[in-house]
Amino acid sequence: MIRPSGAAPGAEAGRRRGAVSRGRPPARPTWSDRVDRVVRRAGPGAVRDPLRRPPPSPAAVPPQRPDLGLRRSRTVPGRAGRGAGGVRGGAGGGADTGLPAVCRLSRHRAGRHTRGVRVVMMTAGSRGDVAPYTGLGAGLVRGGHEVTLAAHAVFEPLVAGSGVRFHALPVDPRAELHSERGRRLHDSRTGIGKMLRLASMARAAADDMTGSLVEAARQGDVLLVGGALGPLGYALAEGLSLPSVGLHLQPLHASREFPAPVLGVRSMGPVGNRLSGLLLTAVADRMLTGSVRDLERRHGLRVPDDAVARRTREHRRWPVLHGFSELVVPRPRDWRAGLDVAGYWWPHETGRLPGELEAFLDAGPAPVFVGLGSATVPDPERVSRRIVDALRAAGLRGVVQQGWAGLAAEGDDMLTIGEVPHALLFPRVAAVVHHAGAGTTAAVLRAGVPTVPVPVQFDAFFWASRLTALGVAPGAVPLRRLTSDALARALRRAVVDDSHRARARALAARLAEEDGVAPVLTALDRLAR
């Protein structure tokens, strides 16, 4: 049974006993019941502005140290390390340290790392799921820590020059999305359908990665776990008696204020919104159940099952830091202690723009950037044609990024490019058309330029709704409703209406004042004491 976060185990048990004593069995809705309930409440289409609060004004966001879930966590007895690696953390020998569970490091480790700890960050997914951790890792290195990033091998070039070590994980996410199973994602017309298909793919990928994740974790004193690996990373930390902190790029925890972002649905009201978040948690736990069990079967680690682990995370107020700004997504009022918004983690980007791109930028008016990042589309040629027609109808030049969708454009007024640093290109364009992934959304906001989101799937609809609510976008043009006319109208509004650019610049200036790395350093400093 999924219990709303913050409810005490004893209270839940009391409710069950009371129900039985009154002669009726306790209600135990199945996971399928919860799925059906959410599907009935959810409608297709882009998310309308799910947050009932406007973006906070400068005076409404006082600088404060985030709670991090450390000070108010309950203390628990120390326990000996488990598994093949010996004592990896905790209060060695079973002594009670008087520290919250998340703060426990072995005395031996704490003594060796008084000026820093060995940090292992782990994540999985697309480029946008990895790139923010390269910048965060570089910041932690500057703070005196030794940092290793465990991610798919294809993303190793992203850490070059950052000071962050890299631990390669198997599975090529791009190849997976272009596989037969990956292409079937487009067969689903609803967010829940796409998510269930993705869960099947992710389950197989996680099984392949488990051994490499264990190997990486044994090299660290503390684990920082990306949202895609949350339940598995938490179980791994428990099995090795390592302290851990979650690092999320999306607001994944249940809230009454908006539905689970990855479902791509409209607000379903306070109860429905919260239920969708609990559903997401259940799906994530079930998706990784096999991999969690492998930790015990293949690697000798004692780990809790998914239901126990979920209750334990909530009971201990497992800390999770979110890599976005409260100026973009205000922290939900009903989140428990320990769920905090740190600020953006800007990717570590090096290099320069290609000479051909520099020449194109200098040859005429600022063009519009168009790219769908790691999103794939069922018909790249048709989508490319509609994009080019829209740009020309609006009288705009275009820089079209191939991306994982395989877009292309031809003509003197168009240039097709590969991967380039967003931080160098976006400030020089008139507007950005993008798939509204979390990473590209952050890059657009940082650049201070107007945007037209073309959400494809999952959390893209959530971020598109935020861009519109913030006034930096005239509105979204979802891929499934993309036409040349619709995109051309949105582009004219984005480029001609100066209010969008003014709001984008003002927000970018505010974001530049934030430091998303500082709260993570604070957490690690507490762990090292």
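Okay, so the sequence shown: first residue is 2 according to this note's numbering, each after it adds one.
Glycine residues also receive a C-beta, built at the ideal position from the N, C-alpha and C atoms.
Predicted model only: the values in this text are computed from it and were never measured.
For the alpha helix (DSSP H) that residue i lies in, which residues bound it at each end?
i, result
"Glu515", "From DSSP, Glu515 is part of no alpha helix (DSSP H); its letter is neither H nor E."
"Gly278", "270-288"
"Ala395", "It is not in any alpha helix (DSSP H) - Ala395 carries neither H nor E in the DSSP assignment."
"Arg482", "That residue, Arg482, is in no alpha helix (DSSP H); it is neither H nor E in DSSP."
"Gly138", "128-143"
"Ala461", "461-471"
"Leu425", "423-426"
"Ala176", "174-178"
Going by DSSP in three states, residue i sits in which element: helix, strand or coil?
i, result
"Asp413", "coil"
"Arg490", "helix"
"Pro348", "coil"
"Asp380", "coil"
"Asp341", "strand"
"Gly438", "coil"
"Ala255", "coil"
"Gly356", "helix"
"Gly291", "helix"
"Ala308", "helix"
"Leu250", "coil"
Could you please give the first and the last residue of the uninterrupted beta strand (DSSP E) stretch that includes residue i?
i, result
"Ala152", "147-153"
"Val369", "369-372"
"Thr452", "452-454"
"Ala432", "432-435"
"Leu322", "321-323"
"His168", "166-170"
"Val121", "119-123"
Out of the options, which one is the CA nearest neighbour of residue i?
i, options, result
"Arg184", "Val389, Ala376, Val148", "Ala376"
"Leu392", "Arg383, Phe370, Ala406, Pro381", "Phe370"
"Glu181", "Pro379, Thr211, Val450, Ala491", "Pro379"
"Leu243", "Arg257, Ile418, Ala218, Leu279", "Ala218"
"Val284", "Leu322, Met202, Asp130", "Met202"
"Arg311", "Val293, Leu302, Ser326", "Val293"
"Ser245", "Leu225, Arg166, Gly372", "Leu225"
"Leu354", "Val309, Phe427, Met415", "Phe427"
"Val400", "Gly407, Ala394, Arg383, Phe361", "Phe361"
"Gly490", "Arg387, Gly212, Leu302", "According to the sequence as given, residue 490 is Arg; it is not Gly. Minimum Cα distance to Arg490 is reached at Arg387."
"His436", "Trp405, Asp414, Leu416, Glu411", "Trp405"
"Arg318", "Asp307, Pro451, Ala338", "Ala338"
"Pro198", "Leu214, Glu177, Met210, Asp209", "The sequence given here places Arg at residue 198; Pro does not occur at that position. It is Glu177."
"Leu340", "Ala395, Trp346, Trp347, Pro331", "Pro331"
"Pro366", "Asp414, Ala509, Pro348, Glu239", "Asp414"
"Ser213", "Leu237, Glu420, Val142", "Leu237"
"Leu358", "Leu416, Ala206, Phe462", "Leu416"
"Ala343", "Gly476, Ser326, Arg119, Ala409", "Ser326"
"Val478", "Leu241, Ala470, Leu488, Thr469", "Leu488"
"Leu279", "Pro252, Ala432, Pro454, His300", "Pro252"
"Ala465", "Gly438, Ser277, Asp486", "Gly438"
Taking only the alpha-carbon atoms, compute the straight-line gap between residue i and residue j and give it to the nearest angstrom.
i, j, result
"Ala507", "Ala495", "16 Å"
"Gly324", "Ala132", "12 Å"
"Leu522", "Leu483", "43 Å"
"His501", "Val160", "34 Å"
"His546", "Ala519", "This structure cannot speak to residue 546, because the chain is shown only from 2 to 530."
"Arg429", "Leu525", "37 Å"
"Gly517", "Val155", "26 Å"
"Arg398", "Leu512", "29 Å"
"Pro305", "Thr351", "42 Å"
"Glu514", "Val434", "26 Å"
"Pro158", "Gln458", "27 Å"
"Ala308", "His316", "12 Å"
"Glu382", "Val120", "44 Å"
"Leu480", "Ala448", "24 Å"
"Gly162", "Leu150", "13 Å"
Can you find a CB in chain E that lies within less than 7 Å of the CB of residue i?
i, result
"Ser292", "Given the protein chain composition of this structure (a single chain), no chain E is represented."
Tell me whether residue i, by its Cβ, gets closer than 6 Å to a heavy atom of the ligand FMN.
i, result
"Asp307", "With respect to the ligand FMN, the structure shown offers nothing to examine, as it has no ligands at all."
**Report entry** Any alpha helix (DSSP H) of 4 or more consecutive residues that is wholly inside the region 204-244
**Finding:** 231-240
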